[in-house]
Amino acid sequence: MPVPAKRRPSSEARRRRSHHALKKINLVSCPKCQTMIKPHTICKNCGYYRGKEIVKVKTSLDKKKSKKKA
97 MPVPAKRRPS
107 SEARRRRSHH
117 ALKKINLVSC
127 PKCQTMIKPH
137 TICKNCGYYR
147 GKEIVKVKTS
157 LDKKKSKKKA
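Below, the structure written as structure tokens:
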């Protein structure tokens, strides 16, 4: 027996693919250094989260000093 050429209409495929679109990334500014970061994450620039220093971030001057010592 022959099989139908299209089993589903093309509009159904488009409706299914409607969720594949990329979503805009939500960014907020860090209250400490004003760089744009994702919400609820530690700032990569200064290492602060919710007003507390969580990670000590080495600056370029600190890296140069440590190279001179070694």
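Note that the sequence shown covers residues 97 to 166 in our numbering. Idealized CB from N, CA, C, for every residue including glycine.
When the options are compared against residue i, the one with the closest alpha-carbon
{"i": "N122", "options": "K163, N141, R103, P135", "result": "P135"}
Cβ shell of residue i (< 7 Å), same chain only, five flanking positions each side left out
{"i": "G143", "result": "E149, I150, V151, K152, V153"}
{"i": "K128", "result": "C139, C142, Y144"}
Nonlocal neighbours in the same chain, by C-beta distance under 6 Å from residue i, ignoring five residues either side
{"i": "Y145", "result": "I138"}
{"i": "V124", "result": "P135"}
Three-way DSSP call (helix, strand, coil) for residue i in this model
{"i": "K128", "result": "coil"}
{"i": "K152", "result": "coil"}
Beta carbon proximity, residue i to chain D, threshold 8 Å
{"i": "R103", "result": "Included in the structure is just one protein chain, with no chain D present."}
Residues bridged to residue i [DSSP beta-bridge criterion]
{"i": "I133", "result": "V124"}
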